[in-house]
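Numbering (my numbering), first residue to last: 23 to 269.
A quick write-up on the structure given underneath.
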């Protein structure tokens, strides 16, 4: 799965429920509070919920790309590269417990008015410095990420994508992730020992696991589930004939 859309906390809880057996909204909140799962900016530069153990390699794939894509907007808001660097340095000096956006804005000496605040926080998250913490009532909080981010993980993204969503094409991966098509093609090339051509794209062979990677829907009968807002099915591909259309 890699990650679930996480912009709307309520929708994210429902997305977890649709994919699990017996979990409740309280269970999801408890997992966030423990740090087992986290929310951060990832695919398409939007908030996603993912396992804490996946945070660093996911940021390695998406962080610099979407940080740079957001740079023109930050510059228009007065957030120069130097200003962002100063803000991150200040942030790491005082963020020792979960803090809300308003609390952070009060402490960071950048004059973070209006949209400058969320863009600065997104910058810090895409740099691998912070991520979302537990909710405080209806307010999100932010916490430090304790370790650095490692490189060279595009191929892992392709493999994990095919595990959850195969058969698929590089174009599907590009639309779902928001990464350039050239990056998606290279990622598929990097897992060519696992990839097999199938009807509708590519899927993974048995590889080292001894089982097909993208076989979740291979002829088995499963209950129907409603999809939530901004579900990954809406981002499967640009081809309308292969989309799930919401109503």
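Each residue gets a CB set at the ideal place from its N, CA and C atoms; glycine is no exception.
Nearest residue (CA-CA) to residue i, options the options
i	options	result
residue 114	150, 97, 35 and 59	150
residue 143	105, 159, 195 and 208	105
residue 32	107, 49, 178 and 24	49
residue 133	207, 100, 195 and 54	100
residue 57	191, 111, 168 and 40	168
Range covered by the beta strand (DSSP E) that runs through residue i
i	result
residue 165	163-166
Classification of residue i by the beta-carbon crowding that lies within 10 angstroms, buried from 16 upward
i	result
residue 124	exposed
residue 161	exposed
residue 76	buried
residue 189	buried
residue 131	exposed
residue 203	exposed
residue 42	exposed
residue 145	buried
residue 135	exposed
residue 138	buried
residue 196	buried
residue 61	buried
residue 154	buried
residue 129	exposed
Own chain, CB closer than 8 Å to residue i, minus 5 neighbours either side, in chain order
i	result
residue 84	63, 64, 65, 67, 148, 199, 200 and 201
residue 98	none
residue 158	120 and 122
residue 117	126, 152, 164, 165 and 166
residue 110	145, 146, 149 and 151
residue 94	none
Span of the alpha helix (DSSP H) around residue i
i	result
residue 203	203-212
residue 35	31-41
residue 56	47-56
residue 92	Here residue 92 belongs to no alpha helix (DSSP H), and DSSP marks it neither H nor E.
residue 186	176-187
residue 192	192-199
residue 104	103-116
Residues sharing a beta bridge with residue i, DSSP
i	result
residue 63	69
residue 152	166
residue 121	164
residue 158	161
residue 27	70
Sequence-distant residues of the same chain with beta carbon closer than 7 Å to residue i, five excluded per side
i	result
residue 26	34, 37, 38, 70 and 71
residue 205	176
residue 44	none
residue 53	59
residue 178	79
residue 55	156
residue 5	No information on residue 5 is available, as it lies outside the stretch 23 to 269 that the chain covers here.
residue 87	201
Spatial neighbours of residue i in its chain, beta-carbon cut-off 6 Å, leaving aside the 5 residues before and after
i	result
residue 96	141
residue 180	209, 210 and 213
residue 186	23
residue 238	Since pLDDT at residue 238 reaches only 40, below the 50 mark, its modelled position is unreliable, and the value read off the structure follows with that caveat. Correct list: empty, nothing qualifies.
Heavy atom of the ligand GTP within 8 Å of residue i beta-carbon
i	result
residue 29	Ligands displayed in this structure: none; no statement on the ligand GTP is therefore possible.
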